[in-house]
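Student: I'd like to ask you about the structure that follows.
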Amino acid sequence: MRWAKPLSELIGQLPLTCPPGAEAIVVSDIVEDARDVTPGCLFVARSGSRFDGRTFIDQARQAGAVAVLVDSRGCEHATIPVIRSNSPSDHAVLMADRLFESPLAALPVFAVTGTNGKTTTATFLHHLFGSQTGLIGSIEIDDSKDVTPSRLTTPPPLELRRIMARMLHHGCKRVVMEASSHGISLGRMNDLDIRCAIFTNLSGDHLDFHGSMKAYAAAKRALFAGLKPPAFSVVNLDDPVAAIMAAASPVRVIGCRMHSDGPAHVKVTHDHTGAVQIEWPDRIIQTRLRMPGAHNAMNLAQAMAALVASGVDSECSSLETLPVPRGRLEPVDITGCGARIYVDFAHTDQALAHALESLRPLVPSNGKLRVVFGCGGDRDPLKRPRMGAVADRLADVAYVTSDNPRTETPRAIIDDILAGISDEHGVVVEPDRARAIQTAVEDCDEHDLLLIAGKGHECAQLIGDQVIPFDDRRVAREAIKAAGGTVSADV
Numbered sequence: 278m279r280w281a282k283p284l285s286e287l288i289g290q291l292p293l294t295c296p297p298g299a300e301a302i303v304v305s306d307i308v309e310d311a312r313d314v315t316p317g318c319l320f321v322a323r324s325g326s327r328f329d330g331r332t333f334i335d336q337a338r339q340a341g342a343v344a345v346l347v348d349s350r351g352c353e354h355a356t357i358p359v360i361r362s363n364s365p366s367d368h369a370v371l372m373a374d375r376l377f378e379s380p381l382a383a384l385p386v387f388a389v390t391g392t393n394g395k396t397t398t399a400t401f402l403h404h405l406f407g408s409q410t411g412l413i414g415s416i417e418i419d420d421s422k423d424v425t426p427s428r429l430t431t432p433p434p435l436e437l438r439r440i441m442a443r444m445l446h447h448g449c450k451r452v453v454m455e456a457s458s459h460g461i462s463l464g465r466m467n468d469l470d471i472r473c474a475i476f477t478n479l480s481g482d483h484l485d486f487h488g489s490m491k492a493y494a495a496a497k498r499a500l501f502a503g504l505k506p507p508a509f510s511v512v513n514l515d516d517p518v519a520a521i522m523a524a525a526s527p528v529r530v531i532g533c534r535m536h537s538d539g540p541a542h543v544k545v546t547h548d549h550t551g552a553v554q555i556e557w558p559d560r561i562i563q564t565r566l567r568m569p570g571a572h573n574a575m576n577l578a579q580a581m582a583a584l585v586a587s588g589v590d591s592e593c594s595s596l597e598t599l600p601v602p603r604g605r606l607e608p609v610d611i612t613g614c615g616a617r618i619y620v621d622f623a624h625t626d627q628a629l630a631h632a633l634e635s636l637r638p639l640v641p642s643n644g645k646l647r648v649v650f651g652c653g654g655d656r657d658p659l660k661r662p663r664m665g666a667v668a669d670r671l672a673d674v675a676y677v678t679s680d681n682p683r684t685e686t687p688r689a690i691i692d693d694i695l696a697g698i699s700d701e702h703g704v705v706v707e708p709d710r711a712r713a714i715q716t717a718v719e720d721c722d723e724h725d726l727l728l729i730a731g732k733g734h735e736c737a738q739l740i741g742d743q744v745i746p747f748d749d750r751r752v753a754r755e756a757i758k759a760a761g762g763t764v765s766a767d768v
């Protein structure tokens with residue numbers, strides 16, 4: 278589907294300076310990344326802290342851009358019409374609303390926020406709603422026709438409008454969306470018709486961006502404070518920060534509880550076999566999860582709470598076919614000796630603890646729980662020793678390695694992790710992630726279970742300024758084959 282409107286219609290009464298004759302140019306899309314330009318695009322040459330969009334104008338022209346929107350500086354030598362604005366980003370959003378016919382106002386959004394569990398909860402809710410439901414998340418975007426990989430958990434304003442316009446065109450009636458703290462803070466959730474906000478939990482992460490846990494919580498709180506009737510919120514009462522989200526919500530709050538004492542609208546029980554019971558005052562739903570972990574039972578309970586509160590029939594057979602999101606306690610394969618391997622996105626201390634605690638009941642008394650993990654470079658360094666402490670406490674053997682070191686030295690990151698480990702007897706240090714995974718696979722015996730944590734669905738390592746293809750699942754399967762085992766299928 279392509280949209281097309283003349284510039285005159287997109288500009289309307291906006292205070293823009295346009296060269297003679299440019300108003301008749303027909304625009305079919307508005308983008309701010311020159312790599313996304315297709316014929317008929319208006320290119321927004323936005324200047325940021327790292328890049329100056331004006332340097333990409335010629336690249337955009339060669340790709341088919343019909344005009345460029347810039348601020349008042351430079352561009353005198355551009356070979357396509359230049360439209361000047363004192364606020365290009367803001368005006369581009371208003372023009373996109375006109376081009377795509379205000380899609381954000383037309384689709385109710387079910388937003389999921391929290392440090393951990395966003396993707397799984399959103400995936401469950403999207404599946405439970407069934408057809409005519411869009412999905413925007415960390416792994417993928419499903420517009421009810423095409424499924425494409427995501428770039429960011431919460432897309433920026435221009436991309437979001439394009440995505441939701443496609444969803445409307447394909448018959449979607451609602452959208453399930455992950456709301457990152459970055460996205461909320463940067464205003465990417467503004468203008469959305471949020472009918473439900475779900476809070477999963479809050480733990481230490483993204484402090485390189487927010488500066489403090491207080492500011493991090495405040496970013497999440499803003500999503501709930503902005504709700505308006507008939508919206509409602511769903512909160513995980515086992516997390517103490519839920520009280521802040523509930524207090525901020527000027528609408529109905531539905532509380533879910535599993536571990537903590539106290540009243541709740543929805544109560545959850547779970548056992549290590551995957552059996553889950555979700556109880557409301559007037560109904561009980563029982564099912565079995567294909568994913569281990571009490572935290573995943575809570576993710577399902579919150580998705581079900583949102584589903585029921587929205588008025589959709591909860592007695593749905595789709596519970597029996599709940600998908601396992603890619604890279605979320607995803608079983609990869611069994612080694613030649615019989616050891617099981619799981620891949621998970623756990624990249625915070627809380628998430629790593631949840632993953633290891635979930636897998637421990639699956640390890641026989643004569644087996645070992647092994648974990649491969651690292652921490653990201655140029656990101657919150659305070660969680661590194663905490664993650665080391667979690668591995669020290671909950672795993673039998675830890676393989677400490679690299680996980681997107683970016684511009685930092687891998688060994689320096691590893692040293693930060695090791696600071697949280699009291700006994701390095703059960704620790705293997707290997708900065709090369711592929712070699713660490715291979716070593717861990719080779720070390721397993723038939724009773725062991727191996728968790729490869731940190732990257733989950735991601736398919737690249739970020740080293741310096743390079744993006745190097747890397748998939749934990751594929752590397753693990755190659756290690757299994759190298760050790761003489763067989764694998765069920767390639768990733």
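Letter by letter, the sequence shown follows residues 278 to 768 of our numbering. Cβ atoms here follow ideal geometry from the backbone N, Cα and C, with glycine treated the same way.
First and last residue of the beta strand (DSSP E) that includes Phe320?
Tutor: Residue 320 sits at position 43 when you count from the first residue of the sequence shown. Segment Cys318 to Val321, the beta strand (DSSP E) holding Phe320.
Student: Output needed for Ala616: all residues of its chain with C-beta closer than 7 Å, excluding positions within five of it in sequence on either side, in chain order.
Tutor: In the sequence shown, the residue the question calls residue 616 occupies position 339. These residues qualify, in order along the chain: Cys721, Asp722, Glu723, Asp725, Leu726 and Leu727.
Student: Candidates Pro433, Ala571 and Val314: which alpha carbon is nearest Asn769's?
Tutor: The structure shown does not extend to residue 769, since the chain is modelled only from 278 through 768, so no value can be given for it.
Student: Within this structure, are the beta carbons of Pro241 and Ile611 separated by less than 7 Å?
Tutor: Any property of residue 241 remains undetermined from this structure, which presents the chain solely from 278 to 768.
Student: DSSP puts Val308 in a beta bridge; with which residues?
Tutor: On the sequence shown, position 31 is the one that residue 308 refers to. Bridge partners of Val308: Phe320.
Student: Which runs of the beta strand (DSSP E) at least 3 residues long sit entirely within the stretch 608-689? Give them in chain order.
Tutor: 617-621, 646-650 and 674-677
Student: Starting from Thr400, trace the alpha helix (DSSP H) both ways and give me its first and last residue.
Tutor: Residue 400 sits at position 123 when you count from the first residue of the sequence shown. Its alpha helix (DSSP H) spans residues Lys395 to Phe406.
Student: How long is the line joining the alpha carbons of Asp470 and Val452, rounded to whole angstroms?
Tutor: Locating residue 470 in the sequence shown gives position 193, counting from the first residue. Locating residue 452 in the sequence shown gives position 175, counting from the first residue. Taking the straight line from one Cα to the other gives about 10 Å.
Student: Assign His368 to buried or exposed, taking buried as 16 or more other Cβ atoms, counted over all protein chains shown, within 10 Å of its Cβ.
Tutor: In the sequence shown, counting from the first residue as 1, residue 368 sits at position 91. That one is buried.
Student: Just list the beta strand (DSSP E) runs in the stretch 701-737, keeping only unbroken ones of 3 residues or longer that don't cross its boundaries, in chain order.
Tutor: 704-706 and 726-730
Student: Determine the DSSP secondary structure at Ala344, reduced to helix, strand or coil.
Tutor: Locating residue 344 in the sequence shown gives position 67, where the first residue counts as 1. In this structure, Ala344 counts as strand in the three-state DSSP scheme.
Student: Between Leu412 and the rest of its own chain, which residues show a CB-CB distance below 8 Å, the 5 nearest in sequence each way excluded?
Tutor: Taking the sequence shown and counting its residues from 1, the one referred to as residue 412 is at position 135. Excluding residues within five positions, the ones whose Cβ falls inside 8 Å are Ala399, Thr400, His403, Ile418, Asp419, Val452, Val453 and Met454.
Student: By the 10 Å Cβ neighbour count, where 16 or more other Cβ atoms means buried, how is Asp548 classified, buried or exposed?
Tutor: To locate residue 548, count along the sequence shown from 1; it is residue 271. With fewer than 16 other Cβ atoms within 10 Å, it is exposed.
Student: What is the rounded straight-line gap between the Cα of Glu300 and the Cα of Ala311?
Tutor: For the purposes of this step, residue 300 is taken as the residue at position 23 of the sequence shown. For the purposes of this step, residue 311 is taken as the residue at position 34 of the sequence shown. About 22 Å.
Student: Mapping the DSSP letters down to three states, classify Gly532 as helix, strand or coil.
Tutor: Taking the first residue of the sequence shown as position 1, residue 532 is located at position 255. If DSSP states are grouped into helix, strand and coil, Gly532 belongs with the strands.
Student: Excluding five sequence neighbours on each side, which residues of the same chain lie with their C-beta closer than 8 Å to the C-beta of Pro365?
Tutor: As a first step, residue 365 must be located in the sequence shown, where it is residue number 88. Val321, Ala322, Arg323, Leu346, Val347 and Asp348.
Student: Is the stretch 283-294 touching the stretch 370-383 in the sense that three or more CB pairs, one from each, lie closer than 8 Å?
Tutor: yes
Student: Taking the alpha-carbon positions, what's the Leu638 to Glu597 distance?
Tutor: As a first step, residue 638 must be located in the sequence shown, where it is residue number 361. As a first step, residue 597 must be located in the sequence shown, where it is residue number 320. Reading the sequence as shown, one finds Pro at residue 638 and not Leu. If I take the Cα positions, the gap works out to 23 Å.
Student: For Leu293, I'd like the list of residues in its chain whose CB is within less than 7 Å of its CB, leaving aside the five on either flank, ordered along the chain.
Tutor: The residue labelled residue 293 in the question sits at position 16 within the sequence shown. Ile360, Arg361, Ser362 and His368, listed in sequence order.
Student: May I ask you to verify whether the stretch 490-506 touches the stretch 472-479, counting CB pairs closer than 8 Å and requiring at least 3?
Tutor: yes
Student: On a CA-only basis, which of Asp559, Thr477 and Val518 is nearest Met490? Give me that one, please.
Tutor: Along the sequence shown, read from residue 1 onward, the residue named residue 490 stands at position 213. With distances taken between Cα atoms, Met490 lies closest to Val518.
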